[in-house]
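Chemist: If you use the numbering used here, the sequence shown corresponds to residues 2 to 696, in order. No residue lacks a Cβ here, since even glycine has one placed at the ideal position from N, Cα and C. My structure is below; once you've seen it, I'll send some questions.
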Amino acid sequence: MTLGNSRLHLQLQGGAGSSDTALATVAARNSKEEGSSRPREVCVGVCEAGSLCSQLCPPSTEGSMGFACRKRQWHKINDTCRTLNAHNIFEDKSQTVSYFEDTGYNKYAGESETIALRVMQECPRDLSCVTRKIEQSPQLPGNIELIVQLLHNISTAPMTDVDEGKMKSYSSMANHVLNSNSISNWTFIPERNSCSVLLHSVNSFARKLHIHKKPINIQHSFIHTMGSIIPADSEGKNFTFFMSVNETSRPVMGRVLISREELQTVPSISQMVCIAFPTLGAILEASLLENIIVNGLVLSVILPEKLKRISLHFEKFHKSEERKTHCVGWDHLENRWDRKACQMVEVSSQHAVCQCWPSKLFTSFSILMSRHTLASPILTYITYTGLGLSICSLIICLVIEGLAWRQVTKTEISYLRHLCIANVAATLLMADVLFIVASFISGPETHYRGCVAVTFFIHFFYLSVFFWMLAKALLILHGVLIVFHTLPKSVLVASLFSVGYGCPLVIAVITVGVTEPARGYLRADACWLNWEMTKALLAFVVPALAIVVVNLVVITVVISKAQRVSFGSSIFQEVRAIVRICKNIAILTPLLGLTWGFGIATLTDDSSLAFHIIFSLLNAFQGFFILVFVTILDPKIREALKGRANSANWISRISESLPLEFSLHPARRPSKEPSLQPHSEVSHRETAVPAGEAQ
2 MTLGNSRLHL QLQGGAGSSD TALATVAARN SKEEGSSRPR EVCVGVCEAG
52 SLCSQLCPPS TEGSMGFACR KRQWHKINDT CRTLNAHNIF EDKSQTVSYF
102 EDTGYNKYAG ESETIALRVM QECPRDLSCV TRKIEQSPQL PGNIELIVQL
152 LHNISTAPMT DVDEGKMKSY SSMANHVLNS NSISNWTFIP ERNSCSVLLH
202 SVNSFARKLH IHKKPINIQH SFIHTMGSII PADSEGKNFT FFMSVNETSR
252 PVMGRVLISR EELQTVPSIS QMVCIAFPTL GAILEASLLE NIIVNGLVLS
302 VILPEKLKRI SLHFEKFHKS EERKTHCVGW DHLENRWDRK ACQMVEVSSQ
352 HAVCQCWPSK LFTSFSILMS RHTLASPILT YITYTGLGLS ICSLIICLVI
402 EGLAWRQVTK TEISYLRHLC IANVAATLLM ADVLFIVASF ISGPETHYRG
452 CVAVTFFIHF FYLSVFFWML AKALLILHGV LIVFHTLPKS VLVASLFSVG
502 YGCPLVIAVI TVGVTEPARG YLRADACWLN WEMTKALLAF VVPALAIVVV
552 NLVVITVVIS KAQRVSFGSS IFQEVRAIVR ICKNIAILTP LLGLTWGFGI
602 ATLTDDSSLA FHIIFSLLNA FQGFFILVFV TILDPKIREA LKGRANSANW
652 ISRISESLPL EFSLHPARRP SKEPSLQPHS EVSHRETAVP AGEAQ
């Protein structure tokens, strides 16, 4: 966790040559890193791509600045300029100089441990002998780095009696480098992990804090520490912070909640310390992060080891529902935010509620927001237009199946085939309707139980679509490898329903049963399966894509079998019929696989808006594709509809001819015994109908 004491040693000596050498090494290492976007033409010579230069700091400061040439302009990439050093950081200069001369400090001037040791000896009670000079110093990159290293060394010093006075002085030094005016200067510190070192140092020092009966409340503009003694029989405890990022912004809220149930797991009397940072997130973002924004206070918690779960409430800096929000914990070993430390419980445009698990690795938490806005009016329009068209298409598909059912299900294989088609259309129709219903529910935050119910049935019906496709594929495979009439029709129908509805029901019930008790079934912002915490969405994606693979294998087997059957063989007609059935699967399987392939791509944070649009198009228009490729393009269905149309025309002609016939022969009226001639004529026409249908 040190910042590189050898380089700091050279800086504190004040030697320009040594400093320039160190800076040149750092500049070479960071030449590919992004620096300031504001060029500063202070370097001598031609600016060529990839070239570096170093310049001394302005008068009255020590250190140097490094520049890199990009796009024919010099851009500052690092800065070690400072005004603080070991001789002027203390209040009493004469005693300090005498001390360092006596201890040989001039020889080892750069070791910041020596400064920390001097602080412990000069002002062990409250560390106040350096706070005034630090608070008065300009927030230059070199000063920031020296103060961070000093805070780190103080936090690691053997000290067990940290009281409120020491914590105030320590916090005031940290507050100085956390000032919002210093954020841009953090980007020029050569050691990129300085911000992480600062966070870990503050948490480590706070862990040594001893709280007596009176609660502690140490408030600065950019760091706020609260602590108190909590009895085990407490009704619960919360620490609430209101802090501003700068003087012009309004305060935002951050709250740490500890439930009564959790407090019962800790010893009878325990102490808890919470620290809030309004600007540290922006500093971490500027130094280390790329594609995300810290969108709330950074909250650090120092809790008893047995306390494993807390609830954190964050008010968002940027009020938006259009960007993804994530609950995270800071991994101080990896120097990065990690989602596994927390789960999202609730989220809105204003707030986010997280459940987190503190540990030795994770003591600081916040919420992140994606830089990219994925919500788009175009995406919304495509989704609802496509779903509307899909629902209408599926209704038409089911109506056509109903009209043509008697004509297209005369054989056992055709009956089973259309049974699968009808159930695929019906389940997809139900899933699409429920999807629209879910979009009108405001989310788990206000309608949690309704959201769980809708999500369960959406999951079930979408799975049923795929499992009925699987049932159809297994039916085809059974027909190719065995013989259809070896099993009774009732057994085949029961098997199809078991696969089509039984398997999805089992998966949906297990998913909700495993994930819902820990509130990990739903997404925080929508009525759909959770991905971030429990990966419940895999209970849909994995079976769906597995079925796509199985169906592709079945298609391959059928094609291979058909090629080996010779013309005129006893099973030629049967295999030919199966191949015709297989065409539907050959069309729909790649479509479904492609749809959810793009669906998986949309789960990543940096996924393009194009992936979301393609997924919405493919997913929303599935009903339309089923209507076109499965129903309308089926020659048997078209023939059946044509026959129905001919029958309708025949009935229309009969109804039109009867009044005309009665008007030409007024003597003919209906009687109890109709005449033979009309009866025989009608009978002749009726007997012609079955012949027409049979054709």
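1) For F467, tell me which candidate among G451, L593 and E413 has the shortest Cα-Cα distance.
2) Out of F318, G51, P59 and R83, which one is the CA nearest neighbour of K72?
3) Nearest-angstrom Cα distance between T249 and S181?
4) Could you check if E63 is buried or exposed, using at least 16 other CB atoms within 10 Å of its CB as the buried criterion?
5) Where does Y522 land, buried or exposed, given buried means 16+ other C-beta within 10 angstroms?
6) Could you check if G514 is buried or exposed, using at least 16 other CB atoms within 10 Å of its CB as the buried criterion?
7) DSSP three-state label for L388, please.
8) Does the stretch 341 to 360 come close enough to the stretch 380 to 394 to have 3 or more Cβ pairs within less than 8 Å?
9) Kindly give me the distance between the Cβ atoms of F223 and P305, rounded to whole angstroms, as I take these residues to be in contact under 8 Å.
10) Identify every run of the beta strand (DSSP E) within the stretch 184 to 260, keeping only runs that are complete inside it and at least 3 residues long; order them along the chain.
11) Drop a sphere of 10 angstroms on the beta-carbon of Q623, count the other beta-carbons inside from all chains shown, and report buried for 16 or more, exposed for fewer.
12) Could you give the C-beta distance for L380 and L362, rounded to a whole number, given that I count them as a contact under 8 Å?
13) Quick check on W338: does DSSP put it in helix, strand or coil?
14) Are S156 and F189 close, meaning C-beta to C-beta below 8 Å?
15) Name the two residues that bound the continuous alpha helix (DSSP H) containing W469.
16) In the DSSP assignment, what are the bridge partners of G330?
17) Pull up the distance between the alpha-carbon of L179 and that of C44, whole angstroms please.
18) Give me the residue from V555, S499 and F599 with the minimum Cα distance to V542.
19) Does the stretch 304 to 320 touch the stretch 211 to 227, meaning 3 or more C-beta pairs lie closer than 8 Å?
20) Reducing DSSP to helix, strand and coil, say where A646 ends up.
21) Thinking C-alpha only, which one of I627, F91 and I270 is nearest L1?
22) Pull up the distance between the alpha-carbon of D433 and that of L388, whole angstroms please.
23) May I have the straight-line CA-CA distance separating L476 from S499, to the nearest angstrom?
24) For R520, which residues of its own chain have a beta-carbon under 7 Å away from its beta-carbon, when the five flanking residues on both sides are left out?
25) Mapping DSSP to helix, strand and coil, what is Q74?
26) Along the alpha helix (DSSP H) that carries Q150, what are the first and last residues, could you check?
27) Count the other CB atoms, across all protein chains shown, that sit within 10 Å of the CB of L488; report buried if there are 16 or more and exposed otherwise.
28) Determine the direct distance from the alpha carbon of A427 to that of R703, and round the result to whole angstroms.
29) Could you give the first and the last residue of the continuous alpha helix (DSSP H) run that contains F622?
30) Bridge partners for M345 per DSSP, in chain order?
31) So Q344 and E533 are in contact, right, with Cβ under 8 Å, and what is the actual spacing, rounded?
32) Run through DSSP, which three-state label would R324 get?
33) For I414 versus G480, is the C-beta spacing smaller than 8 Å?
34) Where do the N-terminal and C-terminal ends of the alpha helix (DSSP H) with H177 fall, by residue?
35) Quick check on D635: buried or exposed, where buried means 16 or more other Cβ atoms within 10 Å of its Cβ?
36) Can you round the beta-carbon distance between A641 and V400 to whole angstroms, since I take them to be within the 8 Å contact cut?
Modeler: With the given structure in hand:
1) For F467, the closest C-alpha among the options G451, L593 and E413 is that of L593.
2) Out of F318, G51, P59 and R83, G51 has the C-alpha closest to the C-alpha of K72.
3) Spanning the two alpha carbons is a distance of roughly 11 Å.
4) Counting other Cβ atoms within 10 Å of its Cβ, E63 reaches 16 or more and is therefore classed as buried.
5) Burial call: buried.
6) Classified as exposed, G514 has fewer than 16 neighbouring CB atoms from the shown chains inside 10 Å of its CB.
7) If DSSP states are grouped into helix, strand and coil, L388 belongs with the helices.
8) The stretch 341 to 360, when compared against the stretch 380 to 394, does not touch it at the 8 Å Cβ threshold.
9) In this structure, F223 and P305 do not form a Cβ contact; the two beta carbons are roughly 27 Å apart against a cut-off of 8 Å.
10) As far as the stretch 184 to 260 is concerned, its whole beta strand (DSSP E) runs of at least 3 residues are 217 to 220, 225 to 232, 238 to 244 and 253 to 259.
11) Label assigned to Q623: buried.
12) Between the beta-carbon of L380 and that of L362 there is about 38 Å, and that puts the pair past the 8 Å contact cut.
13) Under the three-state reduction of DSSP, W338 is assigned to strand.
14) Against a cut-off of 8 Å, the Cβ pair of F189 and S156 comes out as no contact.
15) Where W469 is concerned, the enclosing alpha helix (DSSP H) stretches over Y449 to L482.
16) In the DSSP output, where bridge partners are listed per residue, G330 has D339 and F366.
17) Those two C-alpha atoms are separated by around 31 Å.
18) Minimum Cα distance to V542 is reached at F599.
19) Contact between the stretch 211 to 227 and the stretch 304 to 320 is absent, because fewer than three Cβ pairs lie under 8 Å.
20) Helix, per DSSP.
21) Here the chain covers residues 2 to 696 and nothing more, so residue 1 does not appear.
22) Straight across, the Cα-Cα distance linking D433 with L388 is about 7 Å.
23) Answer to the nearest angstrom: the Cα atoms are 13 Å apart.
24) Excluding its 5 nearest sequence neighbours in each direction, R520 has C-beta neighbours in its own chain below 7 Å: V346, listed in chain order.
25) Strand, per DSSP.
26) Looking at the DSSP string, the run of the alpha helix (DSSP H) that includes Q150 is P142 to T157.
27) Result: exposed.
28) The structure shown does not extend to residue 703, since the chain spans only 2 to 696, so no value can be given for it.
29) From DSSP, F622 is part of no alpha helix (DSSP H); its letter is neither H nor E.
30) In the DSSP output, where bridge partners are listed per residue, M345 has C355.
31) Right, their Cβ atoms sit about 7 Å apart.
32) Residue state, collapsed to three classes: coil.
33) Yes, the Cβ-Cβ distance between I414 and G480 is below 8 Å.
34) That run of the alpha helix (DSSP H) goes E165 to V178.
35) In the assembly as shown, D635 is a buried residue. Its beta-carbon has 16 or more other beta-carbons within 10 Å.
36) Their Cβ separation, rounded to whole angstroms, is 13 Å, which puts A641 and V400 out of contact at 8 Å.
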